[in-house]
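Start counting the sequence shown at 37; every next residue gets the next number (the numbering used here).
Reviewing the structure listed below.
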Amino acid sequence: NKTKVDIIAGSNGVTLFRKAIQGGVAYQDPRQSVESVCYLGENLVNQIDTFVGIAGVNRGSLLCGYWPNEATINHNSCQENGMAINNPFYVDLNGGPNLGMKPKRVAGYIYSIYSDLDCVAGGSGSTCNIIDGENSSHIPLEDGFYVKNTDLGDMPHATIVSTTYAVQYNMIHNHIVSE
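Listed below in structure tokens is the structure:
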């Protein structure tokens, strides 16, 4: 009988689950006004054994650029609670801006799975997801990661979940990174 749960999250769900596990408050506007506060509850980290993030956007998106800029104003996905790099949501989630993070753990074991070919968040080529020298799919304080760059077809972001089941299993059940 397990007393803790395991979580596998994908894409934007990685950051949303991380924030939900951290608990505390979230805001609906960058001014963090009392009117926009949402209380998420207590920190749940002691109830999570393993957290696996697949193709997550943990540091922002090149598509959006750095907060604030023209794209963050005109594109819903890039606003203060979206994917703009170093926006108020990411700064809170990661414990500071990308180059000055003081993150919190979200589980006993933390892993990420991603592809260097997943350019859904902007850019092109094998560096399309590199933000401030780090792949945006890496979860701060992770214990390991798995990179899959073969047999993904022309939609790596959509197929990485279904092509890494064995890796996910080993991360959850054996706490290792292996196929």
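Here a beta-carbon is modelled for each residue, glycine too, at the ideal position from N, C-alpha and C.
Owing to the predicted nature of the structure, the values given are computational and were not obtained by experimental measurement.
Are the CB atoms of residue j and residue i within a distance shorter than 9 Å?
i    : j    : result
G46  : G89  : yes
D42  : T86  : yes
N94  : S173 : yes
Y150 : F181 : yes
Y147 : I166 : no
G92  : N123 : no
Y63  : S69  : yes
So residue i and residue j are in contact, right, with Cβ under 8 Å, and what is the actual spacing, rounded?
i    : j    : result
I84  : A143 : 4 Å
K140 : G131 : 6 Å
R67  : L129 : With a Cβ gap of about 18 Å, R67 and L129 do not count as contacting.
G159 : L98  : 4 Å
Helix, strand or coil: which one does DSSP assign to residue i?
i    : result
D85  : strand
V203 : helix
V183 : strand
E11  : Any property of residue 11 remains undetermined from this structure, which presents the chain solely from 37 to 215.
G118 : coil
A194 : helix
I212 : coil
A91  : coil
G136 : helix
S97  : coil
V73  : strand
Alpha carbon to alpha carbon, how far is residue i from residue j?
i    : j    : result
N112 : E178 : 29 Å
V73  : D168 : 29 Å
K184 : I196 : 8 Å
N134 : I121 : 8 Å
T200 : M119 : 25 Å
N171 : C164 : 9 Å
S198 : V213 : 16 Å
G161 : M137 : 26 Å
V50  : D187 : 23 Å
V203 : L52  : 22 Å
G101 : I44  : 27 Å
Identify which residue in the options has its Cα closest to the Cα of residue i.
i    : options             : result
W103 : A91, Y126, A202     : Y126
V61  : I44, N79, N48       : N79
G77  : A194, A56, K40      : A56
K38  : Y63, V50, N82, I146 : N82
G189 : I166, N210, D154    : D154
H193 : G161, H211, V156    : V156
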